[in-house]
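Undergrad:
Chains as they are written, first to last, in the working numbering: chain A, 339 to 416; chain B, 131 to 509.
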């Protein structure tokens with residue numbers, strides 16, 4: 339096959355790799371948030387509700403950054 | 131606590147303003163972009179086409195010129211075009227001839243033609259776009275200002291918001307001094323929450339000035355997200371369109387920077403207490419970039435979250451079709467179908483949470499930026 343076709347296919351395949359890397363980032367980030375939240379709830383169960391709300395907000399912000407990567411991959415692949 | 135006349139009036143005017151601005155932003159050109167992806171187009175033994183998940187997904191999250199309910203049932207929408215040399219054209223999308231997913235054509239003037247590209251357009255065309263050709267086949271420039279599916283959905287959301295909040299406000303007027311009932315009772319905790327837990331902690335004493343905008347943004351994003359989740363009505367994707375979220379982010383950008391006071395600009399351009407070389411070379415450029423980056427991130431966060439949610443739900447749905455259509459190994463098809471549907475229902479619940487959460491996060495960050503803009507000296 340032509341070099342150009344091969345490169346194009348590699349480009350599309352790399353988009354998938356990029357999306358996967360973004361997922362890794364999201365996983366690590368949100369995992370850490372959840373972990374610290376659980377630890378904090380174990381230390382002070384009375385404010386578990388507050389901790390839960392703040393955890394969800396922080397998770398939304400971190401996911402936003404990870405989804406940056408997903409959008410770029412989508413733009414490349416489609 | 132009662133919502134006084136001030137909040138009622140500001141809600142209405144805020145709504146109308148945002149609605150007007152958004153209307154002109156949405157004829158989104160995010161038509162399914164270069165739809166074929168990597169899937170091949172062959173016919174299998176039974177003579178019907180195999181299911182192509184890639185184009186199925188892109189055509190469901192992209193905008194369209196009509197509302198495709200199921201099979202061949204479409205709700206036509208008005209198409210408004212300006213064709214170079216021929217002026218404005220108005221017609222319903224049902225005027226196009228053609229069925230299924232192929233390209234649709236119609237006559238333009240005496241000799242020309244309009245083509246509405248289908249799911250597998252020719253090279254360089256995007257599905258859902260309209261191109262005009264004159265009698266000799268030369269392409270004419272088209273400005274598409276149609277009422278597309280997203281614009282129609284936007285009008286739906288605005289109508290819903292106007293109805294809901296007018297009726298809630300009127301019920302406060304009819305029953306002065308009493309506890310609210312019905313719709314007002316349902317909306318009040320949300321509105322009080324936004325005022326007391328989002329706006330006032332972030333902005334301080336000037337919070338009430340920004341409340342109309344924050345309330346409008348919150349409910350608009352919330353209802354648009356929820357509308358996108360309702361199945362069977364044609365699949366709306368209003369907040370998942372960059373065209374809509376960029377307008378929301380631009381409004382936040384404009385309000386933040388026009389209400390910035392001396393301390394806000396001082397902290398951006400010449401922050402006190404930092405050595406001059408660091409200020410000039412590093413911090414001030416970073417701060418200037420962040421003035422533009424913060425609304426941009428708001429825009430991408432909202433679009434990406436909503437679109438990603440829709441894509442996941444569509445992907446699980448298409449799993450069922452991929453394994454079901456081939457007809458081989460029916461046991462695998464049924465098993466995967468059950469698993470896939472269960473997972474899709476779970477994803478719907480997650481998307482419900484995301485709908486509320488993204489509206490809340492957008493509003494919270496907007497409130498934080500406004501509070502930052504109206505900061506007082508604190509040395």
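We put the CB at the ideal spot given by N, CA and C, even for glycine.
(1) Counting only beta-carbon atoms, is residue 379 of chain B nearer than 7 Å to chain A?
(2) At a Cβ cut of 9 Å, what residues of the stretch 468-492 of chain B count as close to chain A, listed as they run along the chain?
(3) Assuming the contact rule is C-beta atoms closer than 8 Å, residue 379 of chain A and residue 389 of chain A should be a hit. Round their C-beta distance to whole Å, please.
(4) Using a Cβ-Cβ cutoff of less than 8 Å, which residues in the same chain neighbour residue 170 of chain B once the five nearest sequence positions on both sides are dropped?
(5) Which one of B:239, B:307, B:198 has the shortest CA to CA distance from residue 231 of chain B?
(6) I need the DSSP call for residue 459 of chain B, collapsed to helix, strand or coil.
(7) Whole angstroms are fine: how far does the CA of residue 354 of chain B sit from the CA of residue 261 of chain B?
(8) So for residue 195 of chain B, helix, strand or coil by DSSP?
(9) Does residue 345 of chain A come within less than 7 Å of chain B when only Cβ atoms are used?
(10) Listing by chain order, which chain B residues have their CB less than 7 Å from the CB of residue 386 of chain A?
(11) For a test of the three-state rule: what should DSSP assign to residue 366 of chain B, helix, strand or coil?
(12) Apart from the five residues on each side of it in sequence, which residues of its chain come closer than 8 Å, Cβ to Cβ, to residue 362 of chain B?
(13) To the nearest angstrom, report how far apart residue 326 of chain B and residue 339 of chain B are at their CA atoms.
(14) Taking only beta-carbon positions, decide if residue 405 of chain A is within less than 7 Å of chain B.
(15) Closest to residue 391 of chain B by CA distance: which of B:302, B:499, B:342 is it?
(16) Report the three-state DSSP secondary structure of residue 274 of chain B (helix, strand or coil).
(17) What does a CB cutoff of less than 8 Å around residue 404 of chain B pick up in its chain, not counting 5 residues either side in sequence?
(18) Near residue 446 of chain B, which residues of its chain fall below 7 Å by C-beta distance, leaving aside the five closest residues on each side in sequence?
(19) Using a Cβ-Cβ cut-off of less than 8 Å, give me the residues of the stretch 402-429 of chain B that come near chain A, in sequence order.
(20) List the residues that DSSP assigns as beta-bridge partners of residue 269 of chain B.
(21) Taking 7 Å as the threshold (C-beta atoms), are residue 409 of chain A and residue 434 of chain B in contact?
(22) From what residue to what residue does the alpha helix (DSSP H) around residue 373 of chain B run?
(23) Regarding residue 427 of chain B and the ligand ADP, is the C-beta to nearest heavy atom distance less than 6 Å?
(24) Would you mind working out which of B:366, B:274, B:256, B:248 sits nearest residue 191 of chain B, comparing C-alpha positions?
(25) Checking contacts by CB at 7 Å: is residue 157 of chain B closer than that to chain A?
(26) Just to confirm before moving on: does the CB-CB distance between residue 431 of chain B and residue 365 of chain A stay below 7 Å?
(27) Chain A beta carbons: is any one of them nearer than 7 Å to that of residue 431 of chain B?
(28) Tell me which residues share the same chain as residue 342 of chain A and place their Cβ nearer than 8 Å to its Cβ, disregarding the 5 neighbours each side in the sequence.
(29) Along the chain, where does the alpha helix (DSSP H) containing residue 393 of chain B start, and where does it finish?
(30) I'd like to know whether the C-beta of residue 409 of chain A is nearer than 7 Å to at least one C-beta of chain B.
(31) Just the Cα atoms here: how many angstroms apart are residue 224 of chain B and residue 211 of chain B?
(32) Might you give, ordered along the chain, the residues of its own chain that have their beta carbon closer than 6 Å to the beta carbon of residue 484 of chain B, omitting 5 neighbours on each side?
(33) Following the continuous alpha helix (DSSP H) through residue 300 of chain B, name the residue where it begins and the one where it ends.
(34) If you run the structure through DSSP and keep just helix, strand and coil, what is residue 240 of chain B?
(35) State the DSSP-derived secondary structure class of residue 167 of chain B, mapped to helix, strand or coil.
(36) Could you spell out the range, first to last residue, of the alpha helix (DSSP H) harbouring residue 351 of chain B?
TA: For this structure:
(1) Numbered from its first residue, the second chain carries residue 379 of chain B at position 249. Closer than 7 Å: no.
(2) 483, 484, 487, 488, 490, 491
(3) Against the first chain, residue 379 of chain A aligns to sequence position 41. Against the first chain, residue 389 of chain A aligns to sequence position 51. Yes, residue 379 of chain A and residue 389 of chain A are in contact; Cβ-Cβ is about 5 Å, under 8 Å.
(4) Mapped onto the second chain, residue 170 of chain B falls at position 40. Because the pLDDT at residue 170 of chain B is just 40, under 50, the model does not fix this residue reliably, and the point stays unresolved.
(5) Translated into positions along the second chain, residue 231 of chain B becomes position 101. Of the listed residues, the one whose Cα sits closest to residue 231 of chain B is B:198.
(6) For the purposes of this step, residue 459 of chain B is identified with residue 329 of the second chain, where counting begins at 1. In this structure, residue 459 of chain B counts as coil in the three-state DSSP scheme.
(7) Within the second chain, residue 261 of chain B is the residue found at index 131, counting from 1. Within the second chain, residue 354 of chain B is the residue found at index 224, counting from 1. Whole-angstrom Cα-Cα distance: 29 Å.
(8) Looking up residue 195 of chain B in the second chain gives position 65. Residue 195 of chain B falls in the coil class under three-state DSSP.
(9) Looking up residue 345 of chain A in the first chain gives position 7. With 7 Å as the cut-off, residue 345 of chain A does not count as an interface residue toward chain B.
(10) The residue you call residue 386 of chain A lines up with position 48 of the first chain. Here the premise fails: no neighbours, minimum Cβ distance about 18 Å.
(11) Residue 366 of chain B sits at position 236 when you count from the first residue of the second chain. Coil.
(12) Here residue 362 of chain B corresponds to residue number 232 of the second chain, with the count starting at 1. Cβ neighbours of residue 362 of chain B beyond the five flanking positions: 199, 200.
(13) Locating residue 326 of chain B in the second chain gives position 196, counting from the first residue. Locating residue 339 of chain B in the second chain gives position 209, counting from the first residue. Those two C-alpha atoms are separated by around 14 Å.
(14) Your numbering for residue 405 of chain A matches position 67 in the first chain. Yes, contact with chain B.
(15) Position 261 of the second chain, counted from the first residue, corresponds to residue 391 of chain B. With distances taken between Cα atoms, residue 391 of chain B lies closest to B:499.
(16) Start at 1 with the first residue of the second chain, and residue 274 of chain B comes out as number 144. It is a strand residue.
(17) Numbered from its first residue, the second chain carries residue 404 of chain B at position 274. Excluding positions up to five away in sequence, the list reads 413.
(18) If you number the second chain from 1, residue 446 of chain B lands on position 316. Within the same chain, residue 446 of chain B has close Cβ partners 470, 473, 474, 477.
(19) 427
(20) On the second chain, residue 269 of chain B is found 139 positions in, with the first residue counted as 1. According to DSSP, which records beta bridges pairwise, residue 269 of chain B is partnered with B:263.
(21) In the second chain, counting from the first residue as 1, residue 434 of chain B sits at position 304. In the first chain, counting from the first residue as 1, residue 409 of chain A sits at position 71. Going by C-beta atoms, residue 434 of chain B is nearer than 7 Å to residue 409 of chain A.
(22) For this step, residue 373 of chain B is matched to residue 243 along the second chain. 372-388 is the span of the alpha helix (DSSP H), which, as asked, contains residue 373 of chain B.
(23) What this structure holds is no ligand at all, so the ligand ADP is not there to describe.
(24) In the second chain, residue 191 of chain B corresponds to position 61, counting from 1. Residue 191 of chain B has its Cα closest to that of B:366, out of B:366, B:274, B:256, B:248.
(25) Working through the second chain from its first residue, we reach residue 157 of chain B at position 27. Below a pLDDT of 50, predicted positions are generally treated as unreliable, and residue 157 of chain B, at 47, falls in that range; the measurement from the model is reported next regardless. For residue 157 of chain B, the answer is no, since every Cβ of chain A falls outside 7 Å of its Cβ.
(26) Within the second chain, residue 431 of chain B is the residue found at index 301, counting from 1. Within the first chain, residue 365 of chain A is the residue found at index 27, counting from 1. Not closer than 7 Å, so no.
(27) Walking along the second chain from the start, residue 431 of chain B turns up at place 301. It does: the Cβ of residue 431 of chain B has a partner Cβ on chain A nearer than 7 Å.
(28) On the first chain, position 4 is the one that residue 342 of chain A refers to. Nothing listed; no residue qualifies.
(29) Against the second chain, residue 393 of chain B aligns to sequence position 263. Looking at the DSSP string, the run of the alpha helix (DSSP H) that includes residue 393 of chain B is 392-399.
(30) Within the first chain, numbered from 1, the residue matching residue 409 of chain A stands at position 71. Chain B, which has a Cβ nearer than 7 Å to the Cβ of residue 409 of chain A, makes this yes.
(31) By 1-based counting over the second chain, the position of residue 224 of chain B is 94. By 1-based counting over the second chain, the position of residue 211 of chain B is 81. Cα-Cα distance, rounded: 15 Å.
(32) Numbered from its first residue, the second chain carries residue 484 of chain B at position 354. If we look at residue 484 of chain B and ignore the five residues flanking it on each side, its Cβ neighbours are 435, 439.
(33) One-based indexing of the second chain puts residue 300 of chain B at position 170. Note, residue 300 of chain B: alpha helix (DSSP H), 279-304.
(34) Counting from 1 along the second chain, the entry for residue 240 of chain B is found at position 110. Reduced to three states, the DSSP call for residue 240 of chain B is coil.
(35) Here the question's residue 167 of chain B lines up with position 37 in the second chain. Here the model assigns residue 167 of chain B a pLDDT of 37, short of 50, so the residue's position is not dependable, and the following value carries that caveat. Here residue 167 of chain B sits in coil by DSSP.
(36) In the second chain, counting from the first residue as 1, residue 351 of chain B sits at position 221. Residue 351 of chain B -> alpha helix (DSSP H) spans 337-359.
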